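In the working numbering, the protein residues as written are 24 to 248. For glycine and all other residues, C-beta sits at the position ideal for the given N, C-alpha and C. Nothing here was measured: the structure is a model prediction, and the numbers come from that model.
So, in structure tokens, the structure goes:
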């Protein structure tokens, strides 16, 4: 008994292909990635993970003072009450940048504004130092516990020291939290030409920031190392 022939399997049949992805679907991973990046930046900013005082890693290039070795006088006022809740030097954040040549004799007149709401201190530290670093040069700022307690509003003090290593430094307030809140300034020590060092006795004309305000009282014994 013979039956009808079985139909043969179809030949050259192409496999099923998924539908082509739309442009929107192709860009979806990129868009999601950008959203995640923006969210991460927002998170960091909202939690202040990068304190103002340590966020600037490059020293200022416009500084008061000079590149030659000599005698320099600078005045700093801490705690101008109208700026950053009284956490500032000379009313700016960061404070004024100053420069001297290596081998210079530096005199710093430091006072805390009479209207400051807080105590403040002044310490010169290496640029990569911390809020508890000792002075970079002997005599360059408070060295005992006053570093962390500061002096009260209306008080003043004089520091005198020699620079013996060129490089970038920061003067900071070491009262707890003040450096992180932006109370610092750049202090650059250049490497002068030998001819400038020979004139150390006379030196360049003294350079100065704003003079101390009238009525400020001086401490009887300046703080020294």
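Asked	Found
Taking all protein chains shown into account, decide if residue 54 is buried (16 or more other Cβ within 10 angstroms of its Cβ) or exposed.	exposed
Could you tell me if residue 147 is buried or exposed, where buried requires 16 or more neighbouring beta carbons within 10 angstroms of its beta carbon?	buried
Could you tell me the alpha carbon to alpha carbon distance between residue 200 and residue 207, rounded to whole angstroms?	12 Å
As a quick exercise: from 127, 86, 141 and 90, pick the residue whose alpha carbon is nearest that of residue 178.	141
Using the beta-carbon count (16 or more within 10 Å), is residue 117 buried or exposed?	buried
Around the Cβ of residue 50, are there at least 16 other Cβ atoms within 10 angstroms (buried) or fewer (exposed)?	exposed
Please report the Cβ distance between residue 131 and residue 160, rounded to the nearest whole angstrom; I am assuming they are in contact, meaning their Cβ atoms lie under 8 Å.	That pair is no contact at about 11 Å.
Taking only three categories from DSSP, how would you classify residue 153?	coil
Report all residues from its chain with a CB closer than 6 Å to the CB of residue 156; omit the five preceding and five following residues, and keep chain order.	148
Within 10 Å of its beta-carbon, does residue 176 have 16 or more other beta-carbons around it, so buried, or fewer, so exposed?	buried
Closest by CA to residue 152, which one among 108, 195 and 88?	195
Buried or exposed: which applies to residue 134, given that a residue is buried once 16 or more other Cβ atoms fall within 10 Å of its Cβ?	buried
Kindly list the residues whose CB is nearer than 7 Å to the CB of residue 214, restricted to its own chain and excluding five residues on each side of it in sequence; keep chain order.	125 and 189
Nearest to residue 121 by CA position, among 115, 86, 96 and 105, is which residue?	86
Threshold first: 3 residues or longer. Then list the beta strand (DSSP E) segments lying entirely within the stretch 86 to 111, N to C.	94 to 101
Which same chain residues end up closer than 6 Å to residue 137 when comparing Cβ atoms and leaving out the 5 residues on each side of it in sequence?	176 and 177
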